[in-house]
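At position 42 of the sequence shown the residue is numbered 42 (this note's numbering), and the sequence of numbers has no breaks. Glycine included, C-beta positions come from ideal geometry on N, C-alpha and C. Keep in mind it's a predicted model, so treat the numbers as computed, not measured. Below: the structure, in structure tokens.
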Amino acid sequence: QVQLVESGGGLVQPGGSLRLSCATSGSIFSINDMGWFRQAPGKQHELVASISTGGVTLYTDSVKGRFTISRDNAKNTVFLQMNSLKPEDTAVYYCNVVNPYLYIPWGQGTQVTVSS
């Protein structure tokens, strides 16, 4: 069974930084674009950053210039470096494939709270 295991979240002050990690099964990682999503209370999952198998990255406007997505193909891991964090970045962060034809159950996510 494919698993997605996120880690690295926490409580940080506005302007701070966090680095999230997501370990995945090799069977899905190497052939799929990967993304970081977030879900704030009462809202749906929002795709904030994605990275193709070839390393091409895309970001939603609200995180451009602050977040950086990367992947380690040897370790089947995807990362999200988050700088200059804002209170509106507070959410549970998840990784998953970016593929409309493939459903992978969500992992447990990692909570990011930005507050003074």
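DSSP places G26 inside the alpha helix (DSSP H), whose first and last residues are 26-29. In terms of Cβ geometry, S21 and L85 do not form a close pair [threshold 8 Å].
Contact between Q108 and E6 holds, with the beta-carbon distance rounding to 7 Å and staying under 8 Å. With distances taken between CA atoms, P14 lies nearest to T90 out of Y101, T90, T110, I104. Residue state for V2 is assigned as coil, using DSSP reduced to three classes. Per the C-alpha coordinates, the member of S115, T113, W106, V112 positioned closest to A23 is W106.
Contact check for V48 against T60 passes: the beta carbons are separated by less than 8 Å.
Annotation note: the region 15-61 contains the following uninterrupted alpha helix (DSSP H) runs of length 4 or greater, listed N- to C-terminal: 26-29. The C-alpha of G8 lies about 22 Å from the C-alpha of S52. Of the candidates V2, G26, I69, G26 places its Cα closest to the Cα of N76.
As computed with DSSP, G10 is found in a beta bridge with V112.
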